[in-house]
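Numbering (the numbering used here), first residue to last: 40 to 168.
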């Protein structure tokens with residue numbers, strides 16, 4: 040069994056080191072580097088002009104995403120409070136209120152995202168016509 044395990048590990052190492060080398064050797068390395076640099080630049084937003092609607096939409100998406108993460112943490116904290124209440128009804132009621140508030144906050148964030156997507160989408164359609 041030990042011999043089989045060593046053989047499998049050796050095979051995995053040889054394939055893991057050999058396959059990428061063969062793949063990279065098939066292409067021109069300078070062309071590959073230029074393509075990768077172009078892809079990174081495009082993904083970073085360098086070299087292309089973005090409209091005001093796109094920038095505002097991106098900012099709104101980031102803010103709403105951050106708020107969603109905060110509310111998820113708030114809900115996890117409330118669940119932890121509930122689990123560690125130890126049968127104390129006051130702590131359980133407080134944790135339930137926290138969970139209810141987190142759900143209401145998530146509904147508000149989803150509604151804000153839907154409204155902003157609709158408004159910004161309509162704004163982009165109007166300005167492009």
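Just so it is clear, CB atoms sit at the ideal spot from N, CA and C, and this is done for glycine as well.
Same chain, Cβ closer than 6 Å to residue i, five either side skipped, listed in chain order
| i | result |
| --- | --- |
| residue 163 | 92 |
8 Å contact criterion, which residue i and residue j should meet: CB distance rounded
| i | j | result |
| --- | --- | --- |
| residue 111 | residue 148 | About 10 Å; that fails the 8 Å criterion. |
Alpha carbon of residue i to alpha carbon of residue j, nearest angstrom
| i | j | result |
| --- | --- | --- |
| residue 104 | residue 150 | 13 Å |
| residue 95 | residue 157 | 13 Å |
| residue 108 | residue 152 | 14 Å |
| residue 124 | residue 101 | 34 Å |
| residue 145 | residue 165 | 30 Å |
| residue 47 | residue 40 | 11 Å |
| residue 167 | residue 99 | 21 Å |
| residue 89 | residue 155 | 18 Å |
Residue i, buried or exposed, once every other Cβ within 10 Å from all chains shown has been counted against 16
| i | result |
| --- | --- |
| residue 97 | exposed |
Own chain partners of residue i with C-beta closer than 8 Å, once the 5 adjacent residues on each side are dropped
| i | result |
| --- | --- |
| residue 121 | 130, 131, 134, 135, 138 |
Check whether the segment 99-119 touches the segment 134-154, counting contact only when three or more Cβ pairs, one atom from each stretch, lie closer than 8 Å.
With a cut-off of 8 Å, the segment 134-154 and the segment 99-119 count as touching, because enough Cβ pairs lie within range.
- Count the C-beta pairs between the segment 151-163 and the segment 123-139 that are closer than 8 Å, then say yes if the count reaches three, no if not. No, the segment 151-163 does not touch the segment 123-139.
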